[in-house]
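Have a look at this one:
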């Protein structure tokens, strides 16, 4: 069975290896591309003021990687060891730990909403949060935090953009979807869902089997009226790509 992977091409390889261990054939169609900000000025300014912050928030491995790699250009990573670091998901946690840093206990569910709720409930006076993030997300949380009196600065450390996929690839994938050659389409972010629909339309996607990771990705599908066939959060509150790969095998291949 062929599995369509819509992740950024730099992240898709890990998931491809996971599904290949279960006999699936990956088909790459990255509907998003992750890239650095147009300018680093705001990021550099926050790095220079890092001593002001007591807590850091990361909602993706991308945010961790882009921020900490930039941070290393100006200061040793050890300067962050006194900060409380809040993250979403096992993959983000692992990415932080690669830099020798520790994270706070993960929320019960592996989604941004659970982390934000936890932060809003437990924030106390005297704390100041820095939230390195992507360009497409989290304004609502930031506004809610400020309304509650939480001192928080955000800064964009990466951008999610639409890649130039080329008409030949689009036609090839469209033909595979229309013929049923693709067994399941996987989404890991709301923007990947929206960009896919912008390319092919929602009607074609409604005919596909869909697998997602993340509460916000699930919500994006539901808002478009799409039926999600495989949602690993029904079985594991903190799923990752490896868990989704195994779940795909259990759903589609285990019993033939």
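In the numbering used here, the protein residues as written are 5 to 260.
Glycine is no exception: its CB is placed at the ideal position from the N, C-alpha and C atoms.
{"Asked": "Given a cut-off of 8 Å, decide if residue 19 and residue 249 are closer than it, judged by their beta-carbon atoms.", "Found": "yes"}
{"Asked": "Is residue 37 helix, strand or coil when you go by DSSP?", "Found": "strand"}
{"Asked": "Hey, which unbroken runs of the beta strand (DSSP E) at 3 residues or more fall wholly within the segment 6 to 75?", "Found": "6 to 9, 29 to 32, 37 to 39, 59 to 62"}
{"Asked": "With C-beta atoms as the reference, is residue 81 less than 8 Å away from residue 62?", "Found": "no"}
{"Asked": "Is the beta carbon of residue 237 closer than 8 Å to that of residue 31?", "Found": "no"}
{"Asked": "Within the same chain, show all residues whose beta-carbon is closer than 8 Å to that of residue 203, passing over the 5 residues directly before and after it, in chain order.", "Found": "35, 169, 174"}
{"Asked": "Please state if the CB of residue 189 and the CB of residue 43 are separated by a distance shorter than 8 Å.", "Found": "no"}
{"Asked": "With residue 133 as the anchor, note down where its beta strand (DSSP E) starts and where it stops.", "Found": "132 to 138"}
{"Asked": "Going by DSSP, what residue range makes up the alpha helix (DSSP H) through residue 145?", "Found": "143 to 151"}
{"Asked": "Give every residue of the same chain whose Cβ lies closer than 8 Å to the Cβ of residue 132, excluding the five residues on either side of it in the sequence, and list them in chain order.", "Found": "56, 57, 58, 59, 155, 156, 157"}
{"Asked": "Could you compute how far the alpha carbon of residue 255 sits from the alpha carbon of residue 216?", "Found": "14 Å"}
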